[in-house]
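A.B. asks:
In the working numbering, the protein residues as written are 6 to 274.
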C-alpha cells in the first residue's frame, strides 16, 4: 500500500514573516511549493519583492487568481466594502483560489506566525489542509525574522518606509498614517481607493474603508497634520525605548505591538 503524497506549501503574502519563512524552509523541506494569492490590487512594491524572493529561492512562486476580481465580488456583496466584520475579500480572493489550487490533495501549509505573536492562524475549511507553524515551534521572535531577512540579503519590502503590513493598497486594516503614506507614495491608488467610497445622502449610510472617517475627511489639511503629529510622537517614544535599533526594526516593533487591529493572517503574515 503506497503512502499518500503530502504537498508542502508556503503561502506568501508579500510581507516580512512569510518571506522569512520561505527562506528558512527552502533547504529544509524537499519539494516545497510557494504560492501567492494575487488580488490584482497589490502595491507595485509587493510584486517587486516577490520577484526578488523568487530569484533567491530559485523556484517559481505560483501566482493564484480569481479571474473575476475584486469589483465582481463587490457587486455580489451589494456594494458593501470589506471590513473587519465581513472579510469577504480574503475569503474570495485569497483563500478560495488557494483551496482550488490544492484540490483534494493532502497539504501541509506552513504559516509564518511567530512565537512572540498573540494571534490566530489560518483556519482551513477543508480537512485535507494541516497548518504548520515552524516559527512558533522554533521559538522564533521578531528579531529572528529580522536576522533571516538580513542574512539572506532579501531585507524588507520597500513599502516598509511607510507601511509595515502587506495587503491590497486599499486594505481596511491600514492605520491612518499608512493611508497618508499611500497618498504620498501612490496618489493614483489613493484616488482609486477614494472612488470606492460612497455616502448615501438620503440615508447617511457610509460605505468607507474606515468606519468613522472617509478618505476625503482624512486628507483635510488639519486632519493630516494631526495624524502626522501623532505618528511622530509614537516614533520618538519607540526610538527611545529601542535605542540603537535600525528604524525599520523600530517601525516593526511598534506596529506589531499595536493591538488596535488583528489583520487576516492569510494576507498580512
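From the three backbone atoms N, C-alpha and C, an ideal C-beta is built for every residue, glycine too.
Please say whether residue 46 and residue 75 have beta carbons closer to each other than 8 Å?
C.D. replies: Yes, they are a contact pair.
A.B. asks: Excluding five sequence neighbours on each side, which residues of the same chain lie with their C-beta closer than 7 Å to the C-beta of residue 145?
C.D. replies: The answer, listed in chain order, is 119, 120.
A.B. asks: Would you mind giving the Cβ-Cβ distance between residue 97 and residue 14, rounded to the nearest angstrom? I have them listed as a contact below 8 Å.
C.D. replies: About 20 Å; that fails the 8 Å criterion.
A.B. asks: If you count every other CB in all the chains shown that lies within 10 Å of the CB of residue 21, and 16 or more means buried, which is it?
C.D. replies: So residue 21 ends up on the buried side.
A.B. asks: Between which two residues does the beta strand (DSSP E) containing residue 57 stretch?
C.D. replies: Where residue 57 is concerned, there is no enclosing beta strand (DSSP E), although the alpha helix (DSSP H) it sits in stretches over 49 to 62.
A.B. asks: Got a sec? Which residues, its chain only, sit under 8 Å from residue 158 by beta carbon, not counting five neighbours each side?
C.D. replies: Answer for residue 158: 61, listed in chain order.
A.B. asks: Taking 7 Å as the limit between beta carbons, can you name the residues of its chain near residue 64, skipping five residues before and five after?
C.D. replies: The answer, listed in chain order, is 39.
A.B. asks: With DSSP run on the structure shown, which of helix, strand or coil describes residue 191?
C.D. replies: Residue state, collapsed to three classes: coil.
A.B. asks: Taking just the CA atoms, how far does residue 135 sit from residue 180?
C.D. replies: Approximately 32 Å between the Cα atoms of the pair.
A.B. asks: From which residue to which residue does the beta strand (DSSP E) around residue 69 run?
C.D. replies: That run of the beta strand (DSSP E) goes 66 to 69.
A.B. asks: Pull up the CB-CB distance for residue 219 and residue 204, whole angstroms please, since I reckon it's below 8 Å.
C.D. replies: Their Cβ separation, rounded to whole angstroms, is 7 Å, which keeps residue 219 and residue 204 in contact under 8 Å.
A.B. asks: Would residue 26 and residue 139 qualify as a contact pair, given that the criterion is a beta-carbon distance under 8 Å?
C.D. replies: Closer than 8 Å, so yes.
A.B. asks: Would you decide whether residue 10 is buried or exposed? Buried here means 16 or more other CB atoms lie within 10 Å of its CB.
C.D. replies: Residue 10 comes out exposed.
A.B. asks: May I have a chain-ordered list of the beta strand (DSSP E) segments no shorter than 3 residues that lie completely inside the segment 104 to 148?
C.D. replies: The qualifying runs are 111 to 115, 134 to 137.
A.B. asks: Going by beta carbon distance, what residues of the same chain come within less than 8 Å of residue 189, once the five residues before and after it are set aside?
C.D. replies: Cβ neighbours of residue 189 beyond the five flanking positions: 167.
A.B. asks: Just list the alpha helix (DSSP H) runs in the segment 151 to 208, keeping only unbroken ones of 4 residues or longer that don't cross its boundaries, in chain order.
C.D. replies: Within the segment 151 to 208, the complete alpha helix (DSSP H) runs of at least 4 residues are 181 to 190, 192 to 201.
A.B. asks: With burial defined as no fewer than 16 other Cβ atoms inside 10 Å of the residue's Cβ, what is the status of residue 100: buried or exposed?
C.D. replies: Flag for residue 100 reads buried.
A.B. asks: Starting from residue 11, trace the alpha helix (DSSP H) both ways and give me its first and last residue.
C.D. replies: No alpha helix (DSSP H) contains residue 11, which is instead part of the beta strand (DSSP E) from 11 to 17.
A.B. asks: So, helix, strand or coil for residue 29, using DSSP?
C.D. replies: The answer is helix: DSSP assigns residue 29 an H, G or I state.
A.B. asks: Going by the DSSP bridge assignment, what does residue 211 pair with across the sheet?
C.D. replies: According to DSSP, residue 211 bridges with 204.
A.B. asks: If you draw a straight line from the alpha carbon of residue 235 to that of residue 242, how long is it in whole angstroms?
C.D. replies: Approximately 11 Å, taken between the alpha carbons.
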